[in-house]
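Residue numbers (the numbering used here): 104 to 223.
Virtual Cβ for every residue (Gly too), placed ideally from N, Cα, C.
Just so it is clear, the structure is predicted and the values come from calculations on it, not from any experiment.
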């Protein structure tokens, strides 16, 4: 049995797709909220930035980046206003790489990676 000879030519192609989401705010927002927000929290009596961040498992940096109208000490959190608590994913997925030879083609799937783009 002779060893397999290498393919006469190979090429690789990467396919990408972008996915995002947008939710309608359930209450008025303060100016500057990111446009690709997937989930909002409507401020009720007793809410503060730390409690909201804890409830949704987000960092202060995320909360302030998604809602830049909030001052650094969270003094201007407005009762009854909606604030973004989940940014729409800017997902770029390298979903498939095709490697072809002179007579065959094989596909290898890769896991998608998710990144959230910061705005501001």
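Residues near residue i in its chain [Cβ-Cβ closer than 7 Å; skip 5 each side]
i, result
"residue 182", "146 and 148"
"residue 134", "172"
"residue 143", "126, 128, 129, 185, 186, 187 and 188"
Alpha helix (DSSP H) segment containing residue i, residue limits
i, result
"residue 157", "152-159"
"residue 163", "163-169"
The ligand SAM heavy atom lying under 7 Å from the CB of residue i
i, result
"residue 157", "This structure simply doesn't include the ligand SAM, nor any ligand for that matter."
Backbone secondary structure at residue i - three-state DSSP
i, result
"residue 132", "strand"
"residue 178", "coil"
Straight-line gap, residue i to residue j (C-alpha atoms, nearest Å)
i, j, result
"residue 166", "residue 150", "14 Å"
"residue 159", "residue 132", "18 Å"
"residue 173", "residue 191", "19 Å"
"residue 177", "residue 152", "6 Å"
"residue 136", "residue 175", "15 Å"
"residue 124", "residue 138", "9 Å"
"residue 170", "residue 154", "15 Å"
"residue 168", "residue 180", "14 Å"
Proximal residues to residue i (C-beta, below 8 Å), its chain only, five neighbours per side dropped
i, result
"residue 225", "The requested residue 225 is not part of the displayed model; the chain covers only 104 to 223."
Bounding residues of the beta strand (DSSP E) (the contiguous stretch that carries residue i)
i, result
"residue 145", "140-145"
"residue 187", "185-190"
Contact set for residue i: own chain, Cβ-Cβ below 6 Å, skip 5 residues either direction
i, result
"residue 141", "124, 126, 189 and 191"
For the 8 Å Cβ check, are there 3 or more pairs between the region 175-190 and the region 124-134? Yes, since at least three Cβ pairs between the region 175-190 and the region 124-134 fall closer than 8 Å, the two stretches touch.
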